[in-house]
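Each remark here refers to the structure printed beneath this line.
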Amino acid sequence: MRPDPRARQRRDEVRRSREELLETLFSSLSRRDQRVRGEHYLRGLLLADGRKSVRNIALSLGLPDEEQRLHHFISGSTWDWAPMRAAHAGFLERMRPPQAWVLHAVTIPKVGEHTVGVDRFADTRAGRTVSGQRAFAAWYASAAFSAPVNWRLFMPRHWMEDAELRTRAEIPPALSYEPVEQCGPAAVLEAARDWQLPPRPVLMDLRGGTDWQSAHRFLSAGLPVLARTSATDRFVLDDAPAPGSTPASAPAASILDSVRSARREVEWADPGNRGLTHTSWVTAVRVRLPDDRQPDNRLPYDRQGAHRPDAHRPLLLLGEWHPGRRTPAQIWVTDLVDAAPDELVRLTKLTRRVALDQNLGAGRTGTRDFVGRSFCGWHRHMTLASAAHTMRLLGSAAA
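Given below as structure tokens:
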């Protein structure tokens, strides 16, 4: 059988892309031995079977004597992970331009008390108390490709206020406690602000009682927001109220039900099912937040009494129904009020892309496997695991 020239061309393109990614990633490492260990660790994340422990990584490379040196490279070295993450994002910007940021929360089950950041907390989605780490990833996402480029590990207050725990986990002295609701947005804002990346919409989940304040942080930074919200969350129709009256708020589901007659069919491709096309019914209506949900202490005025420009900002409430169903399958709210509803619905499907790549991609490159005590070690491991995820998907896309 004669070789397929197109297949060979694709393999050559993948090889060049991977070489460029490696060169880009490790350009911030000044020492040759660090670059070598970085490549070893990343390659081991791709090759090791089962849990991506340092021991399994060394064994998968056929270099068992490297285990201690690789451990030191991750947990005991001093290299800064931020330039490597910025380089990763810059590579994707050139090679796989994203459509949006997707803020993705990750619960990493852990037992015991020694792994950095481990705590017991109520998982509202699972409806039970779990033990583990809470992390937030800022994903660069397009319809065909997504990858995490920045991470935030939530550190519970008792970890940050206990001197012994801070010393044991090697938490940087300058790092202070950050509430969990600020942790996720900070992962996106840090990347968008510090890495000089083009502004893109942020997809996030505001269900479960999350305050609109977290989305407001993106709006203040000039990043559009498309946020999933609950059927019971209340909004005000963006009609001009009568003089002296206070507009009544209503649940999102009720508002959308009142405009069901304006729905229209929208086709979208499912990233988790080989691009299979689905049809949804979609409509949108302009709304505002009620006064009691306004950000910044929930007041529409600043302390001097001046009306804030963000107060009563017009928003678009977007409903999506599956065929034959009366209640919306998903409800979203966005400040992209001039965007077409069909384009917004297709944009929301990037969350499916990320969920798929998290489960089938990032999960296979070790994003849940760090077991060390070092805060900095966790971040270095997650940086290289994210790059390994991109490396892996580059090959999958070519295949």
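With the UniProt record's numbering applied, the sequence shown corresponds to residues 1 to 399, in that order. Even for Gly, the Cβ is constructed at its ideal location relative to N, Cα and C.
Problem - For L70 and M391, the rounded distance between their alpha carbons - result: Here the question's residue 391 lines up with position 391 in the sequence shown. Here the question's residue 70 lines up with position 70 in the sequence shown. Taking the straight line from one Cα to the other gives about 20 Å.
Problem - Straight-line gap, R373 to Q34 (C-alpha atoms, nearest Å) - result: To locate residue 373, count along the sequence shown from 1; it is residue 373. To locate residue 34, count along the sequence shown from 1; it is residue 34. Straight-line Cα distance between these residues: approximately 21 Å.
Problem - Residue span of the alpha helix (DSSP H) that contains S214, given as start and end - result: On the sequence shown, residue 214 is found 214 positions in, with the first residue counted as 1. S214 -> alpha helix (DSSP H) spans 213-220.
Practice task
Could you pull out every residue in the same chain whose Cβ sits closer than 8 Å to the Cβ of L276, ignoring the five residues on either side in sequence?
Solution key: For the purposes of this step, residue 276 is taken as the residue at position 276 of the sequence shown. Cβ neighbours of L276 beyond the five flanking positions: A269, D270.
Practice task
Could you please give me the residues that DSSP links to P251 through a beta bridge?
Solution key: Position 251 of the sequence shown, counting from 1, holds the residue named residue 251. Partner(s): R234.
Exercise for the section: Could you tell me the boundaries of the alpha helix (DSSP H) in which S17 lies? Expected result: The residue you call residue 17 lines up with position 17 of the sequence shown. Unbroken alpha helix (DSSP H) run through S17: 5-25.
Practice task
Pull up the distance between the alpha-carbon of A174 and that of F375, whole angstroms please.
Solution key: Numbered from its first residue, the sequence shown carries residue 174 at position 174. Numbered from its first residue, the sequence shown carries residue 375 at position 375. In a straight line, the C-alpha of A174 is about 13 Å away from that of F375.
Exercise for the section: Using 10 angstroms around the beta-carbon of T232, count the other beta-carbons present and answer buried if the total reaches 16, otherwise exposed. Expected result: Within the sequence shown, residue 232 is the residue found at index 232, counting from 1. Classification for T232: exposed.
Handout entry: C-alpha gap between S131 and A339, whole angstroms
Key = Looking up residue 131 in the sequence shown gives position 131. Looking up residue 339 in the sequence shown gives position 339. Cα to Cα, the separation comes out at about 41 Å.
Practice task
Determine the direct distance from the alpha carbon of P148 to that of R16, and round the result to whole angstroms.
Solution key: For this step, residue 16 is matched to residue 16 along the sequence shown. For this step, residue 148 is matched to residue 148 along the sequence shown. R16 and P148: Cα-Cα distance of roughly 21 Å.
Problem - Segment limits, beta strand (DSSP E) that includes A163 - result: As a first step, residue 163 is located in the sequence shown; it is residue number 163 there, counting from the start. Counting along the chain, A163 falls outside any beta strand (DSSP E), though it belongs to the alpha helix (DSSP H) covering 163-169.
Handout entry: Best match in P5, H40, R6 for proximity to L22 [C-alpha to C-alpha]
Key = Counting from one through the sequence shown, the residue named residue 22 turns up at place 22. The residue with the shortest Cα to Cα distance from L22 is H40.
Problem - Helix, strand or coil at E267 according to DSSP, with G and I counted as helix - result: As a working mapping, residue 267 is identified with position 267 in the sequence shown. If DSSP states are grouped into helix, strand and coil, E267 belongs with the strands.
Exercise for the section: Specify, as a first and last residue, the run of the beta strand (DSSP E) that A121 falls within. Expected result: The residue given as residue 121 occupies position 121 in the sequence shown. Strictly speaking, residue 121 in this sequence is Phe, with Ala absent from that position. 119-123 is the extent of the beta strand (DSSP E) around F121.
Handout entry: CA-to-CA distance, L63 to L347, given in whole angstroms
Key = Position 347 of the sequence shown holds residue 347. Position 63 of the sequence shown holds residue 63. Here the alpha carbons of L63 and L347 stand approximately 44 Å from one another.
Practice task
Would you kindly check if the distance between the Cβ of G38 and the Cβ of F26 is under 8 Å?
Solution key: For the purposes of this step, residue 26 is identified with residue 26 of the sequence shown, where counting begins at 1. For the purposes of this step, residue 38 is identified with residue 38 of the sequence shown, where counting begins at 1. The Cβ atoms of F26 and G38 sit closer than 8 Å to each other.
Problem - Validate contact between the region 74-87 and the region 321-336 using beta carbons, cut 8 Å, 3 pairs - result: Between the region 74-87 and the region 321-336, the count of C-beta pairs closer than 8 Å stays below three; the two stretches do not touch.
Exercise for the section: Within its chain, find whatever has a CB closer than 7 Å to the CB of L356; leave out the 5 residues flanking it on each side and keep chain order. Expected result: The residue you call residue 356 lines up with position 356 of the sequence shown. Correct list, in chain order: P271, G272.
Practice task
Rounded to whole angstroms, what's the CA-CA distance from D80 to G377? Just pull it up for me.
Solution key: Here residue 80 refers to the residue found at position 80 of the sequence shown. Here residue 377 refers to the residue found at position 377 of the sequence shown. When rounded, the distance between both Cα atoms is 11 Å.
Exercise for the section: Determine, using beta-carbon pairs with one atom in the region 107-124 and one in the region 49-59, whether at least three such pairs fall under 8 Å. Expected result: In short, these stretches do not touch, since the Cβ pair count stays below three.
Problem - Euclidean distance between Cα positions of R134 and G50 - result: What you label residue 134 is simply residue 134 of the sequence shown in a count that begins at 1. What you label residue 50 is simply residue 50 of the sequence shown in a count that begins at 1. Approximately 22 Å, taken between the alpha carbons.
Practice task
Mind checking which residues open and close the beta strand (DSSP E) that includes Y140?
Solution key: Mapped onto the sequence shown, residue 140 falls at position 140. Per DSSP, Y140 belongs to the beta strand (DSSP E) from 128-141.
Practice task
Could you pull the start and end residues of the beta strand (DSSP E) that N273 belongs to?
Solution key: Stepping through the sequence shown from its first residue, residue 273 is reached at position 273. Element bounds for N273: n/a, residue is neither H nor E.
Problem - Opening and closing residue of the alpha helix (DSSP H) in which L105 lies - result: In the sequence shown, residue 105 corresponds to position 105, counting from 1. One detail in the question is off: residue 105 reads as Ala in this sequence, not Leu. A105: not part of any alpha helix (DSSP H); member of the beta strand (DSSP E) spanning 100-109, first to last residue.
Exercise for the section: Using DSSP bridges, identify the partner residues of E320. Expected result: On the sequence shown, position 320 is the one that residue 320 refers to. Assignment of beta-bridge partners to E320 by DSSP yields V282, Q330.
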